[in-house]
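Position in the sequence shown (from 1) plus 15 gives the number in the numbering used here.
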Amino acid sequence: MDITGRVALVTGASVGSGRAIAQRLLDAGADVVAADIGPDPGLGRFVALDVTHDAALIVAMDELRPTILVNNAGGGGHLPPHFPEATVDAWSAMLALNLRAPMLATQHMRSGVVINIASSAGVEDGPHPSPEYSAAKAGLIRFTTALRMPGVRVNCVVPGWLLTDRAREELAAMTPEERAAAPEPIPLERLTEAVVALIVDDARSGAVFELL
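Now the structure itself:
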């Protein structure tokens, strides 16, 4: 797929990974639509959008008609309380943001390519502080590999700890011992390169690209 001139909707695009992806697609010539509940990042067009509001998400998909969709909005796995202490509403909201919203947006794609941004929390074995977040990201990965849609390719990137502004703040707050034990964050350039690679390769669908 040639990215030039394509309408590319990137959710969760105000900051961090979403902003980096939107910038990379803009640089590649896409007609970028940055969507978020946060501020306008100043990249292409902007849509104020809460992806967990079904009606608003459907309207955005139907009006914008993207041929590139990056389901990046998500997160929250670091915010307590977590399952089983979290209320049903709280952990349901986590599933809605990280799994249900990407599924709904994908359902309203007419043609083109979808890139789901998952997390290493969805592929790791063993305990995780937020089981509901891990379950949602694991579900998003399997959704990607299981789905076949006529005219729509669906791929997934599974990053580990990304070098966002929040990661820099976390690093700065660590003791020397904690920093020595912590993994090296992954540069955002590696994420954006993976996203573009999965978009332009017309032979790739159901692919999962791990950045761990």
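Backbone N, C-alpha and C fix where the C-beta goes; we use that ideal spot for every residue, glycine too.
Measuring only the C-alpha atoms, how far is M109 from A151?
8 Å
Output yes or no for whether 9 Å exceeds the beta carbon distance between V172 and V138.
Contact check for V172 against V138 fails: the beta carbons are separated by 9 Å or more.
By how many angstroms is the C-alpha of H123 removed from the C-alpha of D14?
The chain is shown from 16 up to 227; residue 14 falls before or after that span and cannot be answered.
From G53 to G27, what does the alpha carbon distance come to, in whole angstroms?
8 Å
Just to check my reading of the structure: I130 and I214 have Cβ atoms closer than 8 Å, yes? What is that Cβ distance to the nearest angstrom?
6 Å
For A71, I'd like the list of residues in its chain whose CB is within less than 7 Å of its CB, leaving aside the five on either flank, ordered along the chain.
L64 and D65
Compute the Euclidean distance between the alpha carbons of F98 and G20, then round it to the nearest angstrom.
43 Å
Please classify D140: is it buried, with 16 or more other beta-carbons within 10 angstroms of its beta-carbon, or exposed?
exposed
Give me the Cα-Cα distance between T102 and A182, rounded to the nearest whole angstrom.
28 Å
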